[in-house]
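If you count the sequence shown from 1, you need to add 104 to reach this note's numbering.
Each residue gets a CB set at the ideal place from its N, CA and C atoms; glycine is no exception.
If you're wondering where the values come from, they're calculated on a predicted model, not measured in any experiment.
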Amino acid sequence: MKVLDLRCEAGHTFEGWFASEDDFVSQCERALVQCPVCGDAHVHKKLSAPRLNLSGALPPRLPDTAPATSASGSPAVEAAQLPAASTELQLALQQAWERIAKTVLANTVDVGDRFAEEARRIHYGEAENRGIRGRTTLTEARDLVEEGIDLMPLALPEHLKGPLQ
Ligand SMILES: [Zn+2]
């Protein structure tokens with residue numbers, strides 16, 4: 105799973121979750137990536153430094169349909185910047201995230217690209233109620249949340265992927 109900071113032609117910024125960079129490029133070419141604010145499909149990747157993404161540890165936090173707007177008129181974005189010297193803190197966060205990721209892996213079944221389909225089947229009682237994980241698009245994830253389906257973004261540490269994915 106790759107988290108990308110994206111920006112539309114109108115300057116809205118938002119996060120997109122993709123299987124890989126190539127997945128993002130291919131979805132862009134098919135105009136599947138759209139700005140959650142204005143629906144613009146001309147989406148570009150924002151340049152950003154590598155960062156810890158811990159949002160997967162929290163309840164769903166997808167962009168709201170009506171994002172809080174800052175004084176400048178662009179959507180407000182939550183961000184955290186750790187002091188560069190605090191490697192101890194970064195390590196602690198990384199270890200905590202790994203424990204969470206392992207718990208998720210141990211309690212979910214990988215359904216790959218069928219994530220949205222399976223989540224719906226479970227939600228509507230057409231499939232056994234169980235934990236699943238997999239890949240989906242930001243648009244699809246938003247639709248699922250709007251249908252009342254609980255899901256959370258999941259960015260697995262690279263070394264936990266491998267055969268488990
Ligand atoms: Zn936009």
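Query: Is the region 196-206 touching the region 225-233, taking contact as three or more C-beta pairs under 8 Å?; Result: no
Query: Does the pairing of the region 237-249 with the region 134-152 give three or more beta-carbon distances under 8 Å?; Result: yes
Query: Below 8 Å on the Cβ atoms is my contact criterion, and I expect E125 with K106 to pass it. Report the Cβ-Cβ distance as a whole number of Å.; Result: 6 Å
Query: Look at the alpha carbon of T191 and the alpha carbon of W201, and state the distance between them as a whole number of angstroms.; Result: 15 Å
Query: Would A234 and V213 qualify as a contact pair, given that the criterion is a beta-carbon distance under 8 Å?; Result: The sequence given here places Arg at residue 234; Ala does not occur at that position. The answer is yes: Cβ separation under 8 Å.
Query: Look up L110 in the DSSP assignment and say whether it is helix, strand or coil.; Result: strand
Query: Looking at the unbroken beta strand (DSSP E) that takes in K149, where does it start and where does it end?; Result: V147 to K149
Query: Identify the continuous alpha helix (DSSP H) that holds V208 and give its terminal residues.; Result: T191 to N211
Query: Output yes if chain B places a C-beta closer than 8 Å to the C-beta of L197; else output no.; Result: Chain labels in this structure do not include chain B; a single protein chain is all it has.
Query: Sort C142, A245, L258 and D109 by Cα distance to A183 and report the nearest one.; Result: D109
Query: Can you check DSSP and say which residues form a bridge with R237?; Result: D214
Query: For E182, name the three-state secondary structure that DSSP assigns.; Result: coil
Query: Identify, in the order they occur along the chain, each residue of the same chain with its Cβ nearer than 6 Å to the Cβ of I253, setting aside the five sequence neighbours on each side.; Result: A223 and H227
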